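Residue numbers (the numbering used here): 1122 to 1543.
Glycine residues also receive a C-beta, built at the ideal position from the N, C-alpha and C atoms.
In this text, all values refer to a predicted model and were calculated from it rather than measured experimentally.
Here the structure is laid out as structure tokens; the discussion comes afterwards.
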Ligand SMILES: Cc1cc2nc3c(=O)[nH]c(=O)nc-3n(C[C@H](O)[C@H](O)[C@H](O)COP(=O)(O)OP(=O)(O)OC[C@H]3O[C@@H](n4cnc5c(N)ncnc54)[C@H](O)[C@@H]3O)c2cc1C
């Protein structure tokens, strides 16, 4: 039996950040993952740190996107069919969370947490975490001028996060910033305070520094047999038995199944996204760029150019829908010219999505101290480090930051502190 103060399940950016902060504060930490570190969504994403884009997915704008794209085979959104009552319940809750009042509350809570995102990355780097980070802002490109003004209004969370406000650019100003942009682009918006990373460098940097501060890491070790023993938690990871004073479930989409083993319902589902990595991109892209009309993220990294997008519900597996993935790449020639590139193999990642689009962070109603940190949706890279920092204080000394209040798991739990198993 391996004994520790805290076992963290999940070596994605949320679990790694939490384990790092716990160990840094003196706790004896074991970190276990079913696969390789970052093999959930944490290597397979666009890598943006975007406090100015704190909008939860369920939103009035999201409903309009759904109406336009949901049934197309190559669009940025798919709501698939899954014959389960809990899935239908999840979609119904998502619909309710799209009301303007719920959306505004969610935006405010997320923007407040995201206000600490850049500082949390600065803190990680100061503490020795090596990461490829770029601070050039994020540039939104538009093919239709009418989109610019509404988007500018939507980017309000930048100022709340203490970042410089987003600025509208005409086509010439866009071309000055990004000479590879084609003639169809009529304008843009620059979010100067946003940043981006190579997400794999973040995972690797966190892994290395976790080891330095003493975190014991086991990969290829799926967790099973979770037991709430009253004052301690016991579990099996791979072939090893663990016992710990506290447990943190940061297993992305898998958090739902782990919490269910303890009789708690955390209604997190997958929002699948796809991407391609061009090791020799046909144009040079300087900024992280959003192809606004097609909802595609373009990220320049030292090792090449990544494009990513789509949100697919009802498909909780690693299967790539080639038609939908290719839809992402088809957007490129409209924005960059000339764009003539052979398509590499697509990859996919599962975003952990809660029905109200907000992270789920906090203590579960178990006898022994069990915490969850998941549901970061499109913002897990942005919010992972700040989540890890705040959660480590909650686990070690019970300090519950008011910033975490809106994300309490109890918002999903029924009268008896439980929820029908998802
Ligand atoms: C296409 C795409 C683009 C994105 N772009 C951005 C972006 O630009 N900016 C941003 O902020 N966010 C972005 N995201 C979202 C971000 O990637 C996720 O929110 C984030 O990676 C979630 O991290 P996590 O640690 O919660 O989960 P994960 O990275 O999924 O990690 C969970 C880990 O738990 C492990 N696990 C699961 N079950 C078990 C078990 N039973 N036992 C042991 N281990 C288990 C898994 O193996 C996995 O390694 C994007 C996502 C996608 C898919």
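Between the beta-carbon of residue 1501 and that of residue 1474 there is about 11 Å, and that puts the pair past the 8 Å contact cut.
Taken through DSSP and simplified to helix, strand or coil, residue 1489 comes out as coil.
One thing to note: residue 1128 has its Cβ no nearer than 9 Å to the Cβ of residue 1509.
For residue 1468, the beta-bridge partners assigned by DSSP are 1396. By the neighbour-count criterion, in which 16 or more other beta carbons inside 10 Å mark a residue as buried, residue 1459 falls on the exposed side.
The beta-carbon distance between residue 1517 and residue 1230, rounded to whole angstroms, is 24 Å. This is too long to meet the 8 Å contact definition. With a threshold of 8 Å, the Cβ atom of residue 1435 does not count as near ligand 1, since no heavy atom of the ligand is closer than that.
A distance criterion of 8 Å places the beta-carbon of residue 1343 in contact range of ligand 1, judged by its closest non-hydrogen atom.
Under the three-state reduction of DSSP, residue 1190 is assigned to helix. For residue 1125, the distance from the CB to the nearest heavy atom of ligand 1 is not below 8 Å. When the beta-carbon positions are compared, residue 1309 and residue 1290 come within less than 9 Å of each other. Residue 1225 has its alpha-carbon roughly 33 Å from the corresponding atom of residue 1407.
Inclusion of residue 1311 and residue 1264 in the CB contact set at 9 Å is not warranted, their separation being larger than that value.
According to the DSSP secondary-structure assignment, residue 1169 is paired through a beta bridge with 1317. A buried status is given to residue 1255, since no fewer than 16 other beta-carbon atoms sit within 10 Å of its beta-carbon. Considering only 1384, 1300, 1138, the residue with the shortest C-alpha distance to residue 1491 is 1384. In this structure, DSSP gives residue 1234 a helical state, which the three-state scheme calls helix. In this structure, the C-beta of residue 1421 stays at least 8 Å away from each heavy atom of ligand 1. With a cutoff of 8 Å, residue 1282 does not count as near ligand 1, since its C-beta is closer than that to no heavy atom of the ligand. Around residue 1295, the same chain offers 1260, 1262, 1302, 1306, 1308, 1309 as residues with beta carbons nearer than 8 Å, after the five sequence neighbours per side are excluded. For residue 1139, the closest alpha carbon among the candidates 1221, 1280, 1488, 1241 is that of 1241. The beta carbons of residue 1429 and residue 1165 sit closer together than 9 Å. The beta carbon of residue 1420 lies closer than 6 Å to those of 1167, 1168, 1317, 1409, 1427 in the same chain, with the five residues before and after it left out. Residue environment: residue 1412 is assigned as buried (16 or more neighbouring CB atoms within 10 Å of its CB, all protein chains considered). Remark: the shortest separation between the CB of residue 1472 and any heavy atom of ligand 1 falls under 8 Å.
Secondary structure at residue 1413: coil, using DSSP grouped into helix, strand and coil.
Within a 10 Å sphere around the beta-carbon of residue 1436 sit 16 or more other beta-carbons, which makes this residue buried.
Taken through DSSP and simplified to helix, strand or coil, residue 1122 comes out as coil. From the listed residues 1368, 1469, 1511, the smallest Cα separation to residue 1488 is found for 1368. Between the alpha carbons of residue 1285 and residue 1266 lies a distance of about 23 Å.
Look at residue 1166: its beta carbon is less than 8 Å from one of the heavy atoms in ligand 1.
Going by C-alpha positions, residue 1347 is about 14 Å away from residue 1485.
Taking the Cβ of residue 1393 as the reference point, at least one heavy atom of ligand 1 falls within a distance shorter than 8 Å. Put simply, the stretch 1430-1450 touches the stretch 1384-1397. At least three CB pairs are less than 8 Å apart.
Not one heavy atom of ligand 1 lies closer than 8 Å to the C-beta of residue 1415. When distances are taken from the beta-carbon of residue 1122 to the heavy atoms of ligand 1, even the shortest one reaches 8 Å or more.
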